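Residue numbers for the sequence shown follow my numbering, so the first one is 2 and each next one is one higher.
Note that CB positions come from ideal geometry on N, CA and C, so glycine has one too.
Note that the coordinates shown come from a computational prediction; the quantities given were computed from them, not determined experimentally.
Okay, structure first, notes after.
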Amino acid sequence: MTQYLLSVHSVAGEVRDPMTDDELRQFMERVGVLEEEMRSAGAWLFGGALHEPDTADESGADGIRVDTEGRLYVATAMGIQVCDQAGRVQCIIPTPNRRLSNFSFGGEHFDTLFATCGDKVYKRRLKVVGANAWAAPNKPAPPRL
Numbered sequence: 002m003t004q005y006l007l008s009v010h011s012v013a014g015e016v017r018d019p020m021t022d023d024e025l026r027q028f029m030e031r032v033g034v035l036e037e038e039m040r041s042a043g044a045w046l047f048g049g050a051l052h053e054p055d056t057a058d059e060s061g062a063d064g065i066r067v068d069t070e071g072r073l074y075v076a077t078a079m080g081i082q083v084c085d086q087a088g089r090v091q092c093i094i095p096t097p098n099r100r101l102s103n104f105s106f107g108g109e110h111f112d113t114l115f116a117t118c119g120d121k122v123y124k125r126r127l128k129v130v131g132a133n134a135w136a137a138p139n140k141p142a143p144p145r146l
């Protein structure tokens, strides 16, 4: 299954005027039109927001992976945030040193999460299997809303 990510981001340290209420309304209307076009074409959509530390201006989102059950995993400043199919954060897997740079599924059955954190690599066995681009297409069960 082809996957796309529509992400709205900011550049750390870049100063820009905040959107006016009207600009934000117009932007969200355009996103709504795009989402409806995608739904009409039969695409599944993940919608939601990541958690961010109270002291941060952004989540620090970097690496992104999915598992065979349709959950989205995102490397952030708070750890690996796990989102359900609807885009809601279900849990955050913390890292020992809070310096997460990227991660990947691996191991013999792709049920181990490997995370690079500064000059260290950590691993954690999970009860799920990571989805791989080279594997046969997998259609997870419909999301439970």
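>> Within the continuous beta strand (DSSP E) that includes L127, where are the two ends?
In response: Premise fails: L127 is in no beta strand (DSSP E) and is neither H nor E.
> Would you call the region 29 to 41 and the region 109 to 116 touching, i.e. three or more CB-CB distances under 8 angstroms?
Replying inline: no
> Helix, strand or coil for R72 per DSSP?
Replying inline: coil
> To the nearest angstrom, how far is it from the Cα of R31 to the Cα of P19?
Replying inline: 18 angstroms
> Near I94, what residues of its chain come up, given a Cβ to Cβ distance below 6 angstroms and the 5 sequence neighbours on each side ignored?
Replying inline: G80, I81
> Can you list, in chain order, the stretches of the beta strand (DSSP E) that have 3 or more residues and sit fully within the region 70 to 105?
Replying inline: 73 to 77, 80 to 84, 90 to 94
>> Please return the same chain residues whose Cβ sits closer than 8 angstroms to the Cβ of F104, not counting the five positions on each side in sequence.
In response: G64, R66, Y74, A76, I81, L114, F115, A116, T117
> Taking buried to mean at least 16 other C-beta atoms within 10 Å of its own C-beta, is L101 buried or exposed?
Replying inline: buried
>> Tell me which residue opens and which closes the beta strand (DSSP E) that R40 is part of.
In response: From DSSP, R40 is part of no beta strand (DSSP E) but of the alpha helix (DSSP H) over 22 to 41.
> So, is A142 buried or exposed, given that buried needs 16 or more other C-beta atoms within 10 angstroms?
Replying inline: exposed
>> Among R126, F28, W135, G71, whose alpha-carbon lies nearest the alpha-carbon of Q91?
In response: G71
> At what residues does the beta strand (DSSP E) containing F111 begin and finish?
Replying inline: Looking at the DSSP string, F111 is not in any beta strand (DSSP E), and its letter there is neither H nor E.
> What is the rounded straight-line gap between the Cα of P69 and the Cα of K124?
Replying inline: Rather than Pro, the amino acid found at residue 69 in this sequence is Thr. One C-alpha to the other measures close to 19 angstroms.
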